[in-house]
Amino acid sequence: MNVSPELSQLVSRSQRLGADSTLVVHGGGNTSAKGSVNRDGEVEAVMWVKASGFDMRTSDESGYPPVRLAPLLALHGRSEM
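Going by the working numbering, the letters in the sequence shown line up with residues 685 to 765, in that order.
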């Protein structure tokens with residue numbers, strides 16, 4: 685797996701936040717960040733989102749699946765589903 689700089693920074697920030705019990709309950713919570721490189725190292729707009737069930741204190745890159753933004757943005761312009 686290629687790790688984008690945005691994902692590495694997100695994981696680091698999330699671990700710091702998750703370690704502070706005054707900010708999160710039992711390592712829970714949600715964090716995300718937009719990036720420009722997918723897991724295959726290809727240029728693509730993505731948003732890395734912390735997956736449910738992963739502890740912010742201890743999660744690594746595997747706990748942040750990328751969401752491809754292009755299909756979501758295409759849905760935004762639709763009047764009906």
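Ideal Cβ placement from N, Cα and C applies to all residues, glycine included.
Item, Value
"Going by beta carbon distance, what residues of the same chain come within less than 6 angstroms of E728, once the five residues before and after it are set aside?", "N722"
"Mark L757 as exposed unless 16 or more other C-beta atoms lie within 10 angstroms of its C-beta, in which case mark it buried.", "exposed"
"In three-state terms, what does DSSP make of S698?", "helix"
"So is L707 buried or exposed if we call it buried at 16+ other beta carbons inside 10 Å?", "exposed"
"Mapping the DSSP letters down to three states, classify A735 as helix, strand or coil.", "coil"
"Got a sec? Which residues, its chain only, sit under 8 angstroms from Q693 by beta carbon, not counting five neighbours each side?", "A717"
"Just reading off the alpha helix (DSSP H) that A703 is part of, what are its end residues?", "Per DSSP, A703 belongs to no alpha helix (DSSP H) and is neither H nor E."
"Quick check on V709: buried or exposed, where buried means 16 or more other Cβ atoms within 10 Å of its Cβ?", "exposed"
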